[in-house]
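To start, the structure under review is shown below, and the notes come after it.
Residue numbers (the working numbering): 652 to 757.
Laid out in structure tokens, this is it:
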């Protein structure tokens, strides 16, 4: 997980999630977040939703699951053909990594 958890976070009154006071830029590996079943061979669907790429996202906070794992609350772009939609969702920590291509807002 990332080193910076603590003073830069606060607990959201409504959801109880630990929220960053600053947005942290991350890479989201959608193939880890949405693993394909090994028993199903890949099939090209040009107009399908791309859930197998690595995309830039914004980490907004952390939350513990009932099994003790950490998940990040992220805003992530999901592409479908030419269309891009921004989705807010919890993503397993294993699918997140720091993105150093741009500086964090501080």
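All residues carry an ideal CB built from backbone N, CA and C; glycine is no exception.
Here the structure is a predicted model, which is why all the values come from computation and not from measurement.
Contact between the region 706-718 and the region 688-696 is absent: fewer than three C-beta pairs spanning the two stretches fall below 8 Å. By the criterion of at least three beta-carbon pairs nearer than 8 Å, the region 699-712 is in contact with the region 674-683. With contacts defined by Cβ atoms closer than 9 Å, residue 730 and residue 704 form a contacting pair. DSSP places residue 747 within a strand segment (E or B) once states are collapsed to three. When the Cα atoms are used, residue 679 and residue 695 turn out to be separated by approximately 22 Å.
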